[in-house]
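Undergrad:
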Amino acid sequence: AGQITGAEHVYLETTTDGAASMPTRTATLMFADHPNAQIGGTFKLTLINSGNNTLTLVAGDGVTITGTATVATLVTRTFVVTFTSATAMTFQGVSAGTIEAT
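Under my numbering, the sequence shown is numbered contiguously, ending at residue 1084.
1. Using 8 Å as the threshold, is the C-beta distance between THR1072 and THR1052 below it?
2. Considering LEU1037, what are the terminal residues of the beta strand (DSSP E) in which it resides?
3. My assumption, with CB atoms under 8 Å, is that ASN1018 sits in contact with ALA1054. Please give the rounded CB distance.
4. Would you identify the three-state DSSP class for ALA1078, choosing helix, strand or coil?
5. Are ALA1009 and VAL1045 closer than 8 Å when you measure CB to CB?
6. Scan the segment 997-1037 and note each continuous alpha helix (DSSP H) run of 4 residues or more that stays entirely inside, going in chain order.
Now the structure itself:
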């Protein structure tokens, strides 16, 4: 299973230094990863970037990303992910926040 599916709200933190890209799996694979996935179903994904980088979410086959696909250093970005079919899905950026440096 992939790292960004499998729950109603998935959190993924990256600590990578230097610019990084994170390709998604295909929509078909992520549909299969998600318990009780159904067409029209949704879940939330929050990406947390505590590294010294900019993280870019890159769409895999059958995946559409709308809104901002980058997560700057010390930023969180939340997406609502919708299964539009068993082979297609949309990531819609809905909010961003900041992380306090420690």
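The beta carbon of each residue, even a glycine, is placed where N, CA and C say it ideally should be.
Owing to the predicted nature of the structure, the values given are computational and were not obtained by experimental measurement.
TA: According to the data block:
1. Contact: no.
2. Residues 1037-1040.
3. Beta-carbon to beta-carbon, ASN1018 and ALA1054 are separated by about 34 Å, too far to satisfy the 8 Å threshold.
4. Strand at ALA1078.
5. Yes, the Cβ-Cβ distance between ALA1009 and VAL1045 is below 8 Å.
6. Listed in chain order, the complete alpha helix (DSSP H) runs (minimum 4 residues) inside the segment 997-1037 are 1009-1015.
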